[in-house]
Amino acid sequence: MIQSMTGFGKATLQLPTKKITVEIKSLNSKGLDLNTRMPSVYREMELGLRNQISQQLERGKVDFSLYIEVTGEETSTKVNAPIVKAYIAQMRDILPDADNTELMKMAVRMPDALKTERDEIDENEWKHIQMVINEALVAINQFRKDEGLSLETEFNTRINNIRSLMNEAVSYDAERVDTVKNRLRTALEELKTNVDENRFEQELIFYLEKYDITEEKVRLGNHLDYFIETLNGKEANGRKLGFITQEMGREINTMGSKSNHTEMQKLVVQMKDELEKIKEQVLNVL
Numbered sequence: 001m002i003q004s005m006t007g008f009g010k011a012t013l014q015l016p017t018k019k020i021t022v023e024i025k026s027l028n029s030k031g032l033d034l035n036t037r038m039p040s041v042y043r044e045m046e047l048g049l050r051n052q053i054s055q056q057l058e059r060g061k062v063d064f065s066l067y068i069e070v071t072g073e074e075t076s077t078k079v080n081a082p083i084v085k086a087y088i089a090q091m092r093d094i095l096p097d098a099d100n101t102e103l104m105k106m107a108v109r110m111p112d113a114l115k116t117e118r119d120e121i122d123e124n125e126w127k128h129i130q131m132v133i134n135e136a137l138v139a140i141n142q143f144r145k146d147e148g149l150s151l152e153t154e155f156n157t158r159i160n161n162i163r164s165l166m167n168e169a170v171s172y173d174a175e176r177v178d179t180v181k182n183r184l185r186t187a188l189e190e191l192k193t194n195v196d197e198n199r200f201e202q203e204l205i206f207y208l209e210k211y212d213i214t215e216e217k218v219r220l221g222n223h224l225d226y227f228i229e230t231l232n233g234k235e236a237n238g239r240k241l242g243f244i245t246q247e248m249g250r251e252i253n254t255m256g257s258k259s260n261h262t263e264m265q266k267l268v269v270q271m272k273d274e275l276e277k278i279k280e281q282v283l284n285v286l
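Heads up: the sequence shown runs through residues 1 to 286, numbered per full-length UniProt numbering.
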């Protein structure tokens with residue numbers, strides 16, 4: 001079963017004085033490109049957090065956000081009383097008639113009037129945060145699985161379309177041979193030259209062998225089967241599916257160069273279009 005690299009997971013937890021919210025978004029990427037956003041007090045936990053996320057999300061451009069909303073009376077910012085008093089004393093010398101309230105308003109706007117004390121990480125609180133992170137990871141992985149089911153359905157449809165188009169193209173093979181024979185016969189008649197029929201048939205067979213697409217049909221059919229087999233396997237991954245689509249493209253291109261028939265060439269173009277749609281979506285597969 002395949003998974004998409006596109007996903008979103010969110011989880012929240014309300015503590016007595018804080019609301020914790022975790023959001024994880026991911027898009028397709030060749031490897032794991034992880035960007036984290038969290039309050040500075042938790043930065044020392046970032047390395048462990050990255051390991052926690054990388055174990056759950058193998059690939060993708062991942063944006064992790066941790067939001068802490070204080071809902072109680074807790075605050076880490078305090079008035080720097082000695083500094084504020086010093087500012088008021090200085091301004092009173094300058095403005096002796098000023099009202100105390102006005103002086104206070106001006107003083108708290110001055111540099112260093114407020115100080116923020118660095119909070120120490122509460123181990124119990126961090127355990128709760130890790131639980132929320134795990135919930136968000138479960139949510140994004142489920143999102144990826146659901147998206148993977150949609151991709152799987154689309155891949156099956158596109159592969160079946162290519163197979164049908166390939167069989168339809170092969171159905172023109174006999175008509176194509178007759179067209180080539182008639183074209184060559186007409187060209188010889190216009191030259192008004194006597195031709196040995198046996199030699200003509202031999203040369204015609206040699207000519208047609210160069211345009212025979214039997215091998216391409218067999219190989220393309222095998223690649224289509226292998227794609228579906230890989231899609232349904234336990235080790236399905238975007239890289240492997242991408243390699244198979246490259247091989248499919250080679251066979252389709254060769255069929256197009258050998259077709260030498262208008263209707264077959266149209267079908268080859270349609271096969272290429274279906275394959276390009278597969279390639280675009282394979283980039284989203286984990």
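Just so it is clear, CB atoms sit at the ideal spot from N, CA and C, and this is done for glycine as well.
| query | result |
| --- | --- |
| Residue 319 to I129 span [Cα, whole Å] | A query on residue 319 cannot be resolved here, the shown segment of the chain reaching from 1 to 286 and no further. |
| Close beta carbons around G60, own chain, < 6 angstroms, minus the five adjacent residues each side | M5, S26 and S29 |
| Cβ distance (whole Å) where T21 is taken to contact Y67 below 8 angstroms | 4 angstroms |
| Residue(s) in a DSSP beta bridge with D33 | K61 |
| Cβ neighbours of R84 in the same chain (closer than 7 angstroms, five flanking residues each side left out) | In the sequence as presented, Arg is not what sits at residue 84; that position holds Val. So the list reads A107, V108 and A113, once near-sequence residues are dropped. |
| Given 8 angstroms, three or more beta-carbon pairs between the stretch 244–256 and the stretch 220–229 | yes |
| Pairwise C-alpha distance: M38 and P82 | 32 angstroms |
| L27: first and last residue of the uninterrupted beta strand (DSSP E) it sits in | K18 to L27 |
| According to DSSP, residues forming a beta bridge with V79 | L114 |
| R267, enclosing alpha helix (DSSP H) - first and last residue | A quick correction: the sequence has Leu, not Arg, at residue 267. Looking at the DSSP string, the run of the alpha helix (DSSP H) that includes L267 is T262 to V282. |
| 9 angstroms Cβ cutoff met for E251 and E216 | yes |
| Q246 - containing beta strand (DSSP E), residue span | Segment G238 to S259 is the alpha helix (DSSP H) holding Q246; no beta strand (DSSP E) there. |
| Sufficient close CB pairs (3 or more, under 8 angstroms) joining the stretch 6–14 to the stretch 131–147 | yes |
| L34 and S65 closer than 9 angstroms at C-beta | no |
| Cβ neighbours of E263 in the same chain (closer than 6 angstroms, five flanking residues each side left out) | Y172 |
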